[in-house]
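Participant: After the structure tokens below, expect a handful of questions from me.
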Amino acid sequence: MKRLAPALALCALLVAALPAQAADQPAHLDSYGTKAPYAPGQSARTYQRAPAGFVPVLTENVSRHGSRAASDSEDADLVLALWDRAEADGRLTRRGREFGPKVRALRAAMERVGYGELSGRGTAELKGTAVRLAGRLPSLFAEIARTGERIDVVSSGQGRAVASGDAFAAALGAVDPQLEPLIGETRTDKDLLYFHKAAGGAAYRDYLENDQRLAATLKALTDQPRTHRAATAVLRGLFTAPFVNGLADADRVAAAQAVHNLYAIAPAMSEESPGGRGWGMERYLSAADAAWFGYLGDAEDFYEKGPGFAGSDITYRMAEVLLDDLFATVEAKRDGTSDLGAALRFTHAEELIPLAALMGLPGSTRPVTERRPYTWAGNPWRGAEVAPLGGNIQWDVYERDGRYLVRMLYNEKETAFKAGCRPLTRGSAFYDLDELERCFGRA
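This is how it looks when you write it as structure tokens:
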């Protein structure tokens, strides 16, 4: 990504502001960042019951696509070019000798799936989420089947998002074949579900390309002694010391990041691994080094897609189109102008992360200043929790005598709306629609 040359004074300020260890060693999953595979956040058996007399009348979601192959072969190509040189010179470690064939096999598996396309695990993730949705709201889907209400499926139009919508819809249809003719073909709405690349994302794209503060911040965060130590440690596990010492600092960091990227994408490709047993990429870098590179990935996503800098909403204000659509779908149901029983949307991390920040979801409420940069120790934002592969936001809508309630699930965990929104009762997962409209400034 093209960036402006950072201001030296700002870089110095940022480096000075970083603690000696900018990232505490996290739970294992955090080291995968937004490549973490999906798992529901709560057992369905523990969901709250709706207040007496309220029945479900609508459900809607915003879901990231499921696990996928890497976007391209760049990381595997970089690592294998180094590996081939080292092998020719006899400069591989014992572990390094097994690493090259494993990367070749992983690259070949991704080529078969298609770079950037949904993997077997990704398909299973979306189908599982659909089946759990149907199990959570059986009376809603029975009523949809009885009355012939529509189930709308919409995606960004990108292959992995289309495939995710198709997998989700197929699983719903399999739960109850009467639903199948009511499920529309997966349609495309780029302005809604790929807004970072659409007209509404023009100012955001300018921020990514030209904001000097962003460029300086990311350079300062990455170019720390800890990064260079971690890079050397990762490569020394694969190549002999003379070979590693012969690489330029920048090349060592780039190669180690490529190793980490392969480590991070490997779980998403688990079904394509030999015997489905996994690729074992965690064998090639320590937990501490995986955590460090995971932290650096989180930092980039935090500043480029998440809460970002205090006093600026450039990274997430474009998600208003998606929040508007969530509200408009419920309001149309209330107003009697919609025949939808379910609205299902399939998108990307570039949309789900800004939406989480805009809505003030857990972990996405704290921007940072230049003097106190983003660190794992000082900020709760984690890519693996905010937008894992297959991550989702779901709203279940209930009605009684013309009154509408909304319950939100975030990665299938009952989740409170932002501070200032009042639930029906203290600790309740249910909110009056009128209250949410007031709280979000729609009333």
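Sequential numbering of the sequence shown, starting at 1248, is according to the numbering used here.
Ideal Cβ positions, reconstructed from N, Cα and C, are used throughout, including at glycine.
(1) May I ask which residues mark the beginning and end of the alpha helix (DSSP H) holding Gln1459?
(2) Suppose the cutoff is 6 Å on Cβ atoms and the five residues either side in sequence are ignored; what does the same chain contact list for Gly1278 look like?
(3) Which of helix, strand or coil does DSSP assign to Gln1347?
(4) Closer than 6 Å by C-beta to Ala1480: which residues in its own chain qualify, once you throw out the five before and the five after it? Chain order, please.
(5) Which residue or residues does DSSP assign as beta-bridge partners of Lys1660?
(6) Locate the alpha helix (DSSP H) running through Thr1370, then write down its first and last residues.
(7) Determine the direct distance from the alpha carbon of Ala1603 to that of Ala1666, and round the result to whole angstroms.
(8) Are the segment 1494–1501 and the segment 1588–1602 in contact at 8 Å, needing three or more beta carbon pairs?
(9) Can you tell me where the alpha helix (DSSP H) holding Leu1543 begins and where it ends?
(10) By the 10 Å Cβ neighbour count, where 16 or more other Cβ atoms means buried, how is Gly1583 classified, buried or exposed?
(11) Give the single residue among Tyr1651, Ser1366, Trp1330 whose Cα lies nearest to the Cα of His1312.
(12) Can you find a heavy atom of the ligand ADP that lies under 7 Å from the Cβ of His1507?
(13) Let me know the secondary structure DSSP gives Thr1474 once reduced to three states.
(14) Looking only at its own chain, which residues have a Cβ that is under 7 Å from the Cβ of Arg1689, when we skip the five neighbours before and after it?
(15) Hey, would you say Pro1514 sits closer than 8 Å to Pro1284, going by beta carbons?
(16) Only counting runs of 4 or more residues, tell me where the alpha helix (DSSP H) segments fall wholly within the segment 1574–1636, in order along the chain.
(17) What's the gap between the Cα of Arg1354 and the Cα of Leu1329?
(18) Check whether the segment 1323–1341 touches the segment 1653–1672, taking contact to mean three or more Cβ pairs, one atom from each stretch, closer than 8 Å.
(19) Are the CB atoms of Leu1587 and Arg1397 within a distance shorter than 8 Å?
(20) From Gln1405, Leu1569, Ile1430, Leu1455, pick the residue whose C-alpha is nearest to that of Phe1415; which is it?
(21) With distances taken from CA atoms, which of Arg1524, Ala1634, Glu1598 is nearest Ala1544?
(22) Quick check: the segment 1561–1569 against the segment 1617–1625, are at least 3 beta-carbon pairs closer than 8 Å?
(23) Leaving out five residues before and five after Phe1388 in sequence, what residues of the same chain have Cβ atoms less than 7 Å from its Cβ?
(24) Three or more C-beta pairs closer than 8 Å, one from the segment 1299–1307 and one from the segment 1636–1654: is that the case here?
(25) Could you pull out every residue in the same chain whose Cβ sits closer than 8 Å to the Cβ of Glu1372, ignoring the five residues on either side in sequence?
(26) Report yes or no: do three or more beta-carbon pairs, one from the segment 1513–1533 and one from the segment 1344–1358, lie closer than 8 Å?
(27) Quick one: what's got a C-beta closer than 7 Å to Gly1395's C-beta in the same chain, skipping five residues either side?
(28) Cutting at 7 Å between CB atoms, please list the residues of its own chain near Leu1482, excluding the five before and the five after it.
Facilitator: The short version:
(1) Looking up residue 1459 in the sequence shown gives position 212. 1459–1469 is the extent of the alpha helix (DSSP H) around Gln1459.
(2) Position 31 of the sequence shown, counted from the start, is the residue given in the question as residue 1278. Looking at the sequence provided, one finds Ser at residue 1278 rather than Gly. The answer, listed in chain order, is Ala1537, Ala1538, Gly1541.
(3) Here residue 1347 is taken as the residue at index 100 of the sequence shown, counted from 1. Reading off the sequence, residue 1347 comes out as Gly, not Gln. Helix, per DSSP.
(4) What you label residue 1480 is simply residue 233 of the sequence shown in a count that begins at 1. Cβ neighbours of Ala1480 beyond the five flanking positions: Asp1536.
(5) Here the question's residue 1660 lines up with position 413 in the sequence shown. According to DSSP, Lys1660 bridges with Tyr1657.
(6) Indexing the sequence shown from 1 puts residue 1370 at position 123. Segment 1367–1383, the alpha helix (DSSP H) holding Thr1370.
(7) Position 419 of the sequence shown, counting from 1, holds the residue named residue 1666. Position 356 of the sequence shown, counting from 1, holds the residue named residue 1603. Between Ala1666 and Ala1603, the C-alpha separation is close to 14 Å.
(8) no
(9) Sequence index remark: in the sequence shown, residue 1543 carries index 296 (1-based). Leu1543 -> alpha helix (DSSP H) spans 1534–1552.
(10) The residue you call residue 1583 lines up with position 336 of the sequence shown. Classification for Gly1583: exposed.
(11) For the purposes of this step, residue 1312 is taken as the residue at position 65 of the sequence shown. Among Tyr1651, Ser1366, Trp1330, the Cα nearest to that of His1312 is on Ser1366.
(12) No copy of the ligand ADP occurs in the structure displayed, which carries no ligand at all.
(13) In the sequence shown, counting from the first residue as 1, residue 1474 sits at position 227. Here Thr1474 sits in helix by DSSP.
(14) For this step, residue 1689 is matched to residue 442 along the sequence shown. Phe1574.
(15) Here the question's residue 1514 lines up with position 267 in the sequence shown. Here the question's residue 1284 lines up with position 37 in the sequence shown. Yes. Within cutoff.
(16) 1596–1606, 1630–1633
(17) In the sequence shown, the residue the question calls residue 1354 occupies position 107. In the sequence shown, the residue the question calls residue 1329 occupies position 82. Approximately 15 Å between the Cα atoms of the pair.
(18) no
(19) Here the question's residue 1397 lines up with position 150 in the sequence shown. Here the question's residue 1587 lines up with position 340 in the sequence shown. Their beta carbons are under 8 Å apart, which means Arg1397 touches Leu1587 by this criterion.
(20) The residue you call residue 1415 lines up with position 168 of the sequence shown. The shortest Cα separation from Phe1415 among Gln1405, Leu1569, Ile1430, Leu1455 belongs to Ile1430.
(21) Residue numbering aside, residue 1544 sits at position 297 when the sequence shown is read from its first letter. The residue you asked about is not Ala; residue 1544 is Gly in the sequence shown. The residue with the shortest Cα to Cα distance from Gly1544 is Ala1634.
(22) no
(23) Counting from 1 along the sequence shown, the entry for residue 1388 is found at position 141. Contacts found: Ala1381, Asp1423, Leu1426.
(24) yes
(25) Taking the sequence shown and counting its residues from 1, the one referred to as residue 1372 is at position 125. Answer for Glu1372: Pro1284, Tyr1285, Gly1313, Ser1314, Leu1636, Gly1637, listed in chain order.
(26) yes
(27) As a working note, residue 1395 is residue 148 in the sequence shown. Counting only Cβ-Cβ distances below 7 Å, and skipping sequence neighbours, we find Leu1429.
(28) Counted from its first residue, the sequence shown places residue 1482 at position 235. The answer, listed in chain order, is Val1491, Arg1499, Ala1502, Ala1503.
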